[in-house]
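What follows is a single structure, written as structure tokens, with notes after it.
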Amino acid sequence: MPRFKTSQEWYEQSSLLLKARPTSTRITSKYTVLNPSASKIRKRQKYAAKQAEKPADSARSSSPTPTQQSPEEPTTTFTLKTYDPESGTCLQYETNKAAEVGRLIGNLGRLGRSMAALPEIPEDSSAPAGSADGVSTPRIDEGGDVKMGGVPAEPKPAAGGAKKKKKGKK
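Here full-length UniProt numbering is used: the first residue of the sequence shown is 1, the next is one more, and so on.
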């Protein structure tokens with residue numbers, strides 16, 4: 001069972017596995033929150049004290065220091081597995097970075113499109129609004145309003161001093 005170091009590697013390999021076997025392959029996710037034991041808390045406190053006593057080098061002072069987790073905070077992990085029972089392939093990725101969890105969950109939707117036999121969404125945002133896949137994508141007009149569909153929005157009158165036309169007498 002390969003365990004990948006980066007989420008990009010896991011995503012690419014999972015995408016290939018899903019394209020090869022879309023009906024049998026499954027993706028599972030697990031979010032774990034572990035409260036640290038008393039011994040772990042003591043180890044973290046000792047490590048934090050040792051780091052505080054260490055003199056700062058001139059080279060290290062210019063780079064930002066990583067934020068340390070407080071000893072009493074729980075340890076959280078997010079694990080993703082892609083498993084195909086027919087071939088016995090299991091791809092696994094685990095992270096404890098909170099910012100990465102949201103991005104990974106967003107990518108799960110893209111991976112699921114091949115399982116549902118839907119066409120892939122192009123990665124670049126320069127795709128036209130009326131693309132051939134029949135899916136309507138939102139547009140933002142000049143005023144900042146979000147518009148759906150392919151009908152262009154009516155132009156808004158210019159700000160300040162816009163006058164209505166007067167009807168002529170017949």
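Don't be surprised by glycine CBs; every beta carbon is placed ideally from N, CA and C.
Beyond the five residues adjoining it in sequence on each side, L34 comes within less than 7 angstroms, by CB distance, of P74, T75 in the same chain, given in chain order. Annotated as proximal: Q92 and R3, with beta-carbon spacing under 8 angstroms. By the neighbour-count criterion, in which 16 or more other beta carbons inside 10 Å mark a residue as buried, L18 falls on the buried side. About 22 angstroms separates the beta carbons of L118 and S7, which is beyond the 8 angstroms limit, so they are not a contact pair. Classified as buried, L80 has 16 or more neighbouring CB atoms from the shown chains inside 10 Å of its CB.
Annotated three-state conformation of I121 is coil, per DSSP. By the C-beta density criterion, T82 is buried, having at least 16 other C-beta atoms within 10 angstroms. The Cβ-Cβ distance between D84 and S15 does not fall below 8 angstroms. S37 carries a coil assignment under DSSP once its states are collapsed to helix, strand and coil. As the crow flies, the alpha-carbon of A116 is around 29 angstroms from that of N96. For K81, no alpha helix (DSSP H) run applies; the uninterrupted beta strand (DSSP E) run containing it begins and ends at 75-84, by DSSP. Annotated three-state conformation of K30 is strand, per DSSP. The beta carbon of T28 sits closer than 6 angstroms to those of K81, all from its chain and outside the five residues before and after it, given in chain order. If the five residues before and after G109 are omitted, its C-beta is found closer than 6 angstroms to no C-beta atom of its own chain.
Residue environment for Y47: exposed (fewer than 16 other C-beta atoms within 10 angstroms of its C-beta). The beta carbon of L111 is closer than 7 angstroms to those of S14, S15, L18, I27 in its chain, skipping five residues each way along the sequence.
Going by C-alpha positions, A52 is about 25 angstroms away from A98.
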